[in-house]
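Report on the structure given below.
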């Protein structure tokens with residue numbers, strides 16, 4: 001539970017009353033919950049959603065339905081993933097049906113929690129915003145982070161060739177194991193290397209990083225390419241030099257998944273169905289770091305300080 005907006009230090013493990021289902025709500029026993037940047041930002045009071053203190057964070061839930069309303073699509077005992085926004089780092093959550101999606105039998109609860117926001121964001125960015133086609137070249141900045149890892153896996157499942165760009169050394173083996181065709185270190189020559197590997201420019205660039213690399217990253221996008229802005233993990237919000245956008249016929253588009261689903265509430269279910277098809281074809285959401293509930297402050301600190309590579313998950317119960 002977050003008791004003060006002072007970052008991970010403001011979290012306390014407390015016993016609280018179990019949630020009660022309002023009419024039409026389900027109760028889900030939480031087995032695992034993914035750790036994501038909105039959780040960190042909420043702990044710091046920097047997220048657009050600022051619930052009154054104290055509150056329990058946690059967005060990416062995987063668990064089991066233990067109470068269901070009459071006439072609902074899910075039954076007691078069903079394995080589900082939940083887009084909860086709040087409450088996921090507790091033992092139970094109360095949610096409406098629109099927040100529930102079936103957890104594929106092929107996935108564990110930890111993997112279901114890892115599926116969460118990152119994979120829907122990646123598919124939203126690659127399919128709906130970039131219109132990625134099989135055979136195209138996709139470059140992924142911040143490729144060792146949660147969105148980056150998901151983008152590699154989803155792009156490969158879509159039939160793309162992937163260039164993973166990473167700023168820390170020692171990640172090449174992990175990225176190639178995920179399916180990255182090429183791995184480029186973010187050094188002084190990284191732009192030239194990407195241009196060489198993409199025969200003059202990538203078709204799609206996925207950027208959850210922002211910051212100082214933006215100008216050079218834009219120069220790696222080929223004619224008619226699409227530059228997809230997902231976030232600003234590096235901290236800086238760049239500006240676009242429109243002359244290059246004009247002369248290369250480049251599209252620079254945003255992919256704000258959380259905002260999009262407010263006005264397109266049916267899309268998450270459609271994308272989840274596509275992700276399930278990818279899972280059935282062999283894709284797996286990796287769980288790179290597993291923590292206990294007691295170690296949630298450590299997990300958020302590790303995320304804030306760049307020690308999380310890929311996806312971190314909190315194991316709530318067995």
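In the working numbering, the protein residues as written are 1 to 318. Beta carbons: idealized from backbone N, C-alpha and C, even for Gly. Being a predicted model, the structure only gives us computed values, none of them experimental.
The straight-line gap separating the alpha-carbon atoms of residue 225 and residue 130 is approximately 9 Å. Sixteen is the threshold: when 16 or more other Cβ atoms of the shown chains lie within 10 Å of the Cβ of residue 132, as they do, the residue is buried. Contact between residue 316 and residue 107 fails: their C-beta atoms lie close to 16 Å from each other, not under 8 Å. The C-beta of residue 14 has fewer than 16 other C-beta atoms within 10 Å across all chains shown, which makes the residue exposed. For the 7 Å CB-CB criterion, residue 45 and residue 81 do not form a contact. Counting only the Cα atoms, residue 97 lies some 32 Å from residue 232. Boundaries of the beta strand (DSSP E) around residue 251: 251-254. Around the Cβ of residue 38, a 10 Å sphere holds 16 or more other Cβ atoms; the residue is buried. Taking the Cα positions, residue 194 is about 8 Å away from residue 202. In the structure shown, residue 308 falls within a coil segment according to DSSP collapsed to helix, strand and coil. Beta bridge pairing from DSSP links residue 100 with 82.
Boundaries of the alpha helix (DSSP H) harbouring residue 261: 257-263, taken from the DSSP string. When 199, 205, 85, 102 are compared, the shortest CA-CA separation from residue 143 is found for 205. In this structure, the beta-carbon distance from residue 61 to residue 88 falls below 7 Å. Among the bridge pairs identified by DSSP, residue 315 is matched with 32, 292.
Rounded to the nearest whole angstrom, the CA to CA distance from residue 178 to residue 314 is 22 Å. Taking all protein chains in view, the Cβ of residue 110 is crowded by 16 or more other Cβ atoms within 10 Å, so the residue is classified as buried.
Around the beta carbon of residue 120, 16 or more other beta carbons sit within 10 angstroms, so the residue counts as buried. The continuous alpha helix (DSSP H) containing residue 113 extends over residues 109-123. Cβ-Cβ distances below 6 Å link residue 7 to 43, 44 in the same chain, with the five nearest sequence neighbours on each side left out; the list follows chain order. Contact between residue 210 and residue 237 holds: CB atoms are separated by about 6 Å, below the 8 Å threshold.
Residue 247 sits in a helix when the DSSP states are folded into three classes. Spatial neighbours of residue 312 in its own chain (CB-CB distance under 6 Å, excluding positions within 5 residues in sequence) are listed in chain order as 35, 289, 299. Taking C-beta atoms under 8 Å as the contact rule, residue 84 and residue 93 qualify, at a distance of about 5 Å. Comparing C-alpha distances from residue 199 to each of 171, 161, 187, 235 shows the shortest one belongs to 161. The C-beta separation of residue 10 from residue 59 comes to about 17 Å, leaving the pair out of contact by the 8 Å criterion.
Beta-bridge pairing by DSSP links residue 6 to 8. Residue 155 sits close to residue 138, with the two beta carbons spaced by under 7 Å. Residue 205: member of the beta strand (DSSP E) spanning 202-207, first to last residue. Here the alpha carbons of residue 192 and residue 239 stand approximately 22 Å from one another. The closest CA to that of residue 242, considering only 67, 229, 218, is found on 218. Rounded to whole angstroms, residue 56 and residue 100 show a C-alpha spacing of 19 Å. Beta-bridge partners assigned by DSSP to residue 24: none are found.
Around the Cβ of residue 228, a 10 Å sphere holds 16 or more other Cβ atoms; the residue is buried.
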